[in-house]
Amino acid sequence: MTEALTAGLSVEDPRPRGVWATVRRRVLFWLSLAVLSIMVLIALAPEPFAGLFGNPDPRVCELGRSVKPPTAGHPFGFDVQGCDVYANVIHGARASITVGLICTAIALGIALVVGTLAGYLGGVVDSILARLTDVFLGFPFLLGAIVVLNTLGSRSVITVAVVLALFAWPTLARLVRTSVRGIRQAEYVQAATAMGLPTGRILTQYVLPNAIGPVLAVATLTVGGVIVAESTLTFLGLGLRAPSISWGLQLASAQSVFQRAPHMLIYPSIFLAATVLSLMTIGDVLRDAINPRARS
Numbered sequence: 022m023t024e025a026l027t028a029g030l031s032v033e034d035p036r037p038r039g040v041w042a043t044v045r046r047r048v049l050f051w052l053s054l055a056v057l058s059i060m061v062l063i064a065l066a067p068e069p070f071a072g073l074f075g076n077p078d079p080r081v082c083e084l085g086r087s088v089k090p091p092t093a094g095h096p097f098g099f100d101v102q103g104c105d106v107y108a109n110v111i112h113g114a115r116a117s118i119t120v121g122l123i124c125t126a127i128a129l130g131i132a133l134v135v136g137t138l139a140g141y142l143g144g145v146v147d148s149i150l151a152r153l154t155d156v157f158l159g160f161p162f163l164l165g166a167i168v169v170l171n172t173l174g175s176r177s178v179i180t181v182a183v184v185l186a187l188f189a190w191p192t193l194a195r196l197v198r199t200s201v202r203g204i205r206q207a208e209y210v211q212a213a214t215a216m217g218l219p220t221g222r223i224l225t226q227y228v229l230p231n232a233i234g235p236v237l238a239v240a241t242l243t244v245g246g247v248i249v250a251e252s253t254l255t256f257l258g259l260g261l262r263a264p265s266i267s268w269g270l271q272l273a274s275a276q277s278v279f280q281r282a283p284h285m286l287i288y289p290s291i292f293l294a295a296t297v298l299s300l301m302t303i304g305d306v307l308r309d310a311i312n313p314r315a316r317s
């Protein structure tokens with residue numbers, strides 16, 4: 022038994038090497054990672070990117086240029102208020118991506134706690150947590166978010182992210198539970214339990230590191246889904262509000278003038294689609310690589 026534990030602790034898990042060997046051969050992975058990296062850089066420091074063309078301040082507006090088409094120094098044209106669409110698209114990346122990352126981080130944290138306890142302890146604990154998860158799964162994702170957001174007075178990036186996380190964690194929790202239930206039967210976990218190691222140490226050192234791979238792949242997909250959900254809610258007037266700047270707000274302001282100024286809708290949509298598509302592609306590649314049947 023000691024040999025089993027030692028083997029489980031000292032021999033490096035071959036799965037990460039197999040995953041990396043599969044992922045690095047996928048051209049789509051590198052292309053998506055490059056696009057996502059650019060979007061993250063834009064979100065972290067929008068001013069240098071916005072300053073490439075014209076004024077980097079998205080709130081510098083001239084009503085005389087309302088809905089004017091692209092021109093020199095303003096490649097994306099102007100919105101209804103005469104603000105530079107390019108500067109707004111660049112600055113809007115921060116709010117949209119931040120909502121996706123914060124929401125997924127919160128949902129993943131809840132899912133890890135609930136799913137790990139349910140999967141490892143089983144019995145009554147599993148039954149209680151499973152029913153709790155079912156309660157939240159009973160609420161449609163967007164409908165539940167709409168109901169809660171309608172009761173809130175202010176809607177900041179943090180507020181929207183927390184509300185979306187409230188309905189995003191159950192799916193991840195079920196995946197964590199399934200993963201943990203499979204890992205807990207491993208020889209090195211059984212050996213660690215027989216040796217009397219604390220449950221906390223077994224979970225943090227031996228169970229979670231081996232169970233979290235599939236969860237992280239799905240979490241990547243969740244980020245993209247949350248960004249779309251935030252944009253949808255904001256477009257419907259139920260998400261972020263001015264003076265916040267986000268892609269959803271830009272799409273909402275463009276709907277009434279699309280025929281006269283299609284550029285107001287096209288450019289934010291391109292950035293939104295590129296970000297979500299890159300996240301979804303990375304998540305799909307990771308999910309396929311983690312699945313042994315998908316490897317060559």
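Position 108 (the sequence shown) corresponds to 129 in our numbering; numbering is contiguous. Here a beta-carbon is modelled for each residue, glycine too, at the ideal position from N, C-alpha and C.
CB contact below 7 angstroms: residue i versus chain C
i: VAL239; result: The structure shown contains no chain C; it is built from a single protein chain.
Alpha-carbon spacing of residue i relative to residue j, whole angstroms
i: ALA273; j: PHE99; result: 15 angstroms
i: ARG195; j: SER277; result: 42 angstroms
i: LEU307; j: LEU84; result: 47 angstroms
i: LEU57; j: VAL297; result: 9 angstroms
i: VAL168; j: MET60; result: 31 angstroms
i: CYS82; j: GLY75; result: 12 angstroms
i: ALA17; j: ALA128; result: With the chain represented from 22 up to 317, any question about residue 17 goes unanswered, as that position is not in the structure.
i: SER175; j: PRO264; result: 12 angstroms
i: VAL247; j: CYS124; result: 7 angstroms
i: ARG115; j: ILE63; result: 7 angstroms
i: TYR209; j: THR220; result: 14 angstroms
i: ARG46; j: ASP305; result: 14 angstroms
i: CYS104; j: LEU163; result: 31 angstroms
Nearest candidate by alpha-carbon position, reference residue i, set the options
i: ALA126; options: ILE179, SER53, ALA282, LEU150; result: ILE179
i: ARG131; options: GLY121, VAL146, VAL168, ALA186; result: The sequence shown places Ile at residue 131, rather than the Arg named in the question. Comparing Cα positions, the closest option is ALA186.
i: GLY165; options: LEU153, PHE188, ILE149; result: PHE188
i: GLY234; options: SER290, ASP309, GLN271; result: ASP309
i: VAL88; options: LEU293, ALA282, TYR227, LEU300; result: ALA282
i: GLN102; options: ALA275, ARG46, GLN280; result: ALA275
i: ILE291; options: VAL156, THR255, VAL249, VAL210; result: VAL249
i: PHE160; options: TYR141, PRO191, VAL146, LEU229; result: PRO191
i: LEU193; options: ILE111, GLY72, ALA71, ALA232; result: ALA232
i: SER252; options: ILE223, MET285, ASP305, PRO289; result: PRO289
i: GLU259; options: ASP147, LEU173, PRO67, ASP105; result: The sequence given here has Leu at residue 259, not Glu. If we check each option's Cα against that of LEU259, LEU173 comes out closest.
i: GLY121; options: ASN109, ILE303, LEU242, ILE266; result: LEU242
i: SER117; options: LEU261, ALA93, PRO96; result: LEU261
Reduced DSSP category for residue i - H, G, I as helix; E, B as strand; rest coil
i: THR92; result: strand
i: ASP155; result: helix
i: ASP105; result: strand
i: PHE99; result: strand
- Query: Should the segment 147–159 be called in touch with the segment 208–219, which here means at least 3 C-beta pairs below 8 angstroms?
  - Reply: no
- Item | Contact the segment 134–145 vs the segment 191–208: 3+ CB pairs below 8 angstroms | yes
- Query: Where are the alpha helix (DSSP H) runs, 4 residues long or more, that stay fully inside the segment 204–284, in chain order?
  - Reply: 208–215, 220–223, 229–256, 268–275
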